[in-house]
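Residue numbers (the working numbering): 5 to 442.
The beta carbon of each residue, even a glycine, is placed where N, CA and C say it ideally should be.
Model, not experiment: these values are computed from the prediction.
Here is the structure we will look at, set down as structure tokens.
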């Protein structure tokens, strides 16, 4: 559809968007295939962010679209409250084989935000089921992003996501941001900073371990600016939480399904949390879906009452929606057949070197990377966020490359079908944009 024949833009209130700015000069896509979007004016735009961290297998995969089409014609919807359909069990079983050992149970929802709120609720209900109902406090982390539900923004650490919505959940505390000055331009994990996890001991001393239900962190903080955990930091969190009987939740909505190598960050780093959230790459972004992985100990704690009693009063109309299950199963087939969970290992070093080649520019403050994730941070100019936005705009209109910006940080996370020539194309667009603007 050409822009001249497009409908009015007034009615759609766009999420996380400066609506008036966007509608004055809209950036639009009308189709996609593989690594590229197509704009209404006929340009091919390289997707260097996998849509929104989700299109891990590339755009418009025929196997997924055909599975969705067959399913919507065969069984468009089935409830999962006291009823179900076979694909829900098939998908849960396949996912459990990808998860860390001892996490054999999956609770389905429809997004990363719902996945986080589900995990938080399970954590609270677990302690009550164990007779430990005083454990109600939740611990998040500065710069963390855990979706936009009230639970997620309460434990999240992004100020702009919180400031307009009142007091949110009570009984929430936050760890400091896991980054140490002086580690700028580190390739991969910083060598120093594991001790930042020890701040959790201080929070425990302040509130008492007996009041704390769970700690939730992203193994790699994505939307908050691509922050890489120091070596030993995540293991230290695991050790402290286990010592004090506190549940550890890994938010793997971004890191799941091959983003940093292996199925999940937990398997990659060989650290098993108690709960693990996922979404995005679960269906390659084709159909909304989320899933919470639950340890056997937590699941079994709910299965002690009468068999006819509902164990967890929680769920969604669209939990394990049959069309979403079809999309997820087809997506898992692609990941397995094309060995995409290894792509970050195969191309990670090349990705790293190309990203860090942008260190040559004085305007670049830091570059961070791990697996097939990268962040480029600019020194803030006269107006915070302007440099990030300007490079984002230049890349889209002049470089035909889509990047994602958060204030003065650009984030990149290409589909896992990426090849070296795509990486070169993205870095060239960034280099040309920085040169042209600064």
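Less than 7 angstroms between C-beta atoms, sequence neighbours within five positions excluded: which residues of the same chain meet that for residue i?
i, result
"residue 411", "388, 389, 392"
"residue 41", "33, 49, 51, 406"
"residue 35", "42"
"residue 162", "147, 149, 228"
"residue 196", "184, 187, 234"
"residue 306", "133, 315, 316"
"residue 291", "72, 327, 328, 331"
"residue 435", "362"
Rounding to the nearest angstrom, what Cα-Cα distance links residue i and residue j in this structure?
i, j, result
"residue 96", "residue 302", "16 angstroms"
"residue 416", "residue 134", "42 angstroms"
"residue 433", "residue 399", "6 angstroms"
"residue 209", "residue 177", "13 angstroms"
"residue 315", "residue 333", "27 angstroms"
"residue 157", "residue 149", "7 angstroms"
"residue 8", "residue 385", "Note on residue 8: pLDDT 48, under 50, position unreliable in the model; the coordinate value appears next. Near 36 angstroms, if we compare the C-alpha coordinates of residue 385 and residue 8."
"residue 58", "residue 65", "13 angstroms"
"residue 247", "residue 238", "14 angstroms"
"residue 67", "residue 377", "26 angstroms"
"residue 300", "residue 126", "13 angstroms"
"residue 108", "residue 359", "37 angstroms"
"residue 131", "residue 250", "9 angstroms"
"residue 254", "residue 78", "36 angstroms"
"residue 141", "residue 122", "16 angstroms"
"residue 401", "residue 343", "33 angstroms"
"residue 268", "residue 175", "30 angstroms"
"residue 287", "residue 293", "7 angstroms"
"residue 240", "residue 298", "21 angstroms"
"residue 426", "residue 285", "20 angstroms"
"residue 46", "residue 380", "29 angstroms"
"residue 138", "residue 128", "9 angstroms"
"residue 418", "residue 38", "11 angstroms"
"residue 217", "residue 144", "11 angstroms"
"residue 424", "residue 309", "55 angstroms"
"residue 421", "residue 431", "17 angstroms"
"residue 270", "residue 28", "43 angstroms"
"residue 205", "residue 81", "47 angstroms"
"residue 277", "residue 22", "37 angstroms"
"residue 311", "residue 85", "15 angstroms"
Following the continuous alpha helix (DSSP H) through residue i, name the residue where it begins and the one where it ends.
i, result
"residue 331", "326-341"
"residue 360", "347-360"
"residue 440", "424-441"
"residue 198", "Looking at the DSSP string, residue 198 is not in any alpha helix (DSSP H), and its letter there is neither H nor E."
"residue 206", "203-211"
"residue 70", "66-78"
"residue 394", "390-401"
"residue 415", "No alpha helix (DSSP H) holds residue 415; the beta strand (DSSP E) holding it covers 413-416."
"residue 24", "23-28"
"residue 271", "269-273"
Only counting the same chain, and skipping five residues up and downstream in sequence, which positions put a Cβ closer than 8 angstroms to that of residue i?
i, result
"residue 6", "Annotation note: pLDDT 47 at residue 6 (below 50); position unreliable, coordinate value reported separately. Once the five neighbours on either side are set aside, the close Cβ partners of residue 6 are 44."
"residue 98", "333, 336"
"residue 172", "154, 157, 158, 166"
"residue 56", "284, 289, 408"
Suppose the cutoff is 6 angstroms on Cβ atoms and the five residues either side in sequence are ignored; what does the same chain contact list for residue i look like?
i, result
"residue 330", "71, 72, 75"
"residue 1", "Lying outside 5 to 442, the shown extent of the chain, residue 1 is not represented and no answer is given."
"residue 408", "53, 415"
Over what stretch of residues does the beta strand (DSSP E) that includes residue i continue unbroken?
i, result
"residue 59", "Unbroken run through residue 59: none, as it is neither H nor E."
"residue 48", "48-51"
"residue 302", "Per DSSP, residue 302 belongs to no beta strand (DSSP E); it is in the alpha helix (DSSP H), 300-305."
"residue 378", "377-382"
"residue 410", "408-410"
"residue 42", "40-42"
"residue 369", "368-374"
Between residue i and chain B, is there a C-beta pair that is closer than 7 angstroms?
i, result
"residue 63", "Of the chains in the structure shown, none is chain B; there is only one protein chain."
- Message: Quick check: the segment 46-59 against the segment 313-324, are at least 3 beta-carbon pairs closer than 8 angstroms?
- Response: no
- In the segment 237-266, which residue ranges form an unbroken alpha helix (DSSP H) of at least 4 residues, counting only runs that do not cross its ends? 237-247
- Is the segment 81-92 close to the segment 226-233, with three or more CB pairs under 8 angstroms? no
- Task: Can you check the segment 98-185 for any beta strand (DSSP E) of at least 3 residues that lies completely inside it and give the ranges in chain order?
- Result: 109-113, 141-145, 176-179
- Message: Quick test of the definition: if touching needs 3 or more C-beta pairs under 8 angstroms, does the segment 189-198 touch the segment 362-376?
- Response: yes
- Could you tell me whether the segment 255-262 touches the segment 191-206, where touching means 3 or more Cβ pairs closer than 8 angstroms? no
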